[in-house]
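**Q** Quick one: the structure is below, questions incoming.
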Amino acid sequence: MKIVLTILIGMFLFSAPFVSSHIETNNYLHLSIVCGSNKNGYIDIDRGNQKVKYYFPYRFGKGGKGMTDLSNVVFSYRKETLIMVYKTTSETISKIRCNRDEFEVINSFLKTINKQIIDSKPTE
Numbered sequence: 016m017k018i019v020l021t022i023l024i025g026m027f028l029f030s031a032p033f034v035s036s037h038i039e040t041n042n043y044l045h046l047s048i049v050c051g052s053n054k055n056g057y058i059d060i061d062r063g064n065q066k067v068k069y070y071f072p073y074r075f076g077k078g079g080k081g082m083t084d085l086s087n088v089v090f091s092y093r094k095e096t097l098i099m100v101y102k103t104t105s106e107t108i109s110k111i112r113c114n115r116d117e118f119e120v121i122n123s124f125l126k127t128i129n130k131q132i133i134d135s136k137p138t139e
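As numbered in my numbering, the sequence shown has no gaps in its residue numbers, which increase by one up to the final residue, 139.
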């Protein structure tokens, strides 16, 4: 019984963060990110200021927070994962599970500001 409980707890603690919901307004897209037990983060994309602000309270020092110009980042989508990378350094900012419907909302929002997600395999 202890082994099963340990495995279940481990699976929950080490599960990948995921987009749980989004809120979209004329100039703003807010993605709520679940990062683990009682830990929530976000990605905020501001169309007017052309900024992306993020906060990820990951465990074991893998968290991060910051804000940058949208022109400094590249978004890609592969195997139900939304990836945000700094253009200049190719450093991965985040990898977040994201279903196809959420991807379409995010990509549609970004297209309105002449930016879109690189979708490596649209049929996945």
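All residues carry an ideal CB built from backbone N, CA and C; glycine is no exception.
Just how far apart, CA to CA, sit Thr104 and Thr40?
**A** Spanning the two alpha carbons is a distance of roughly 31 angstroms.
**Q** Can you find the residues in the same chain that come closer than 6 angstroms, C-beta to C-beta, to Phe60, ignoring five residues on each side of it along the sequence?
**A** In the sequence as presented, Phe is not what sits at residue 60; that position holds Ile. Leu44 and Val67, listed in sequence order.
**Q** In chain order, which alpha helix (DSSP H) runs of at least 4 residues are fully inside the stretch 95-135?
**A** Counting only runs of 4 or more, we get 115-126.
**Q** Keeping to the same chain, check which residues put their C-beta closer than 7 angstroms to that of Asn42; ignore five residues upstream and five downstream.
**A** Excluding sequence neighbours, Asn42 sits near Asp61, Arg62 and Gly63.
**Q** For Ile133, which option in Ile121, Phe90, Glu119 and Thr83 has the closest C-alpha, if you only look at C-alpha atoms?
**A** Of the candidates Ile121, Phe90, Glu119 and Thr83, the one whose C-alpha sits nearest the C-alpha of Ile133 is Phe90.
**Q** Below 6 angstroms CB to CB, which residues in the same chain sit around Leu97 once its five sequence neighbours on both sides are set aside?
**A** The residues are Ile111 and Cys113.
**Q** I'd like the span of the beta strand (DSSP E) that includes Asn55, first residue to last.
**A** Note, Asn55: beta strand (DSSP E), Lys54 to Asp61.
**Q** CA-CA distance, Gly51 and Thr127?
**A** Their backbone Cα atoms lie some 32 angstroms apart in a straight line.
**Q** Does the separation of the CB atoms of His37 and Val88 fall below 8 angstroms?
**A** No. Outside cutoff.
**Q** Thinking just about the alpha-carbon of each residue, which of Lys130, Glu117, Leu125 and Ser123 is nearest to the one in Ser47?
**A** That would be Glu117, whose Cα lies nearest to the Cα of Ser47.
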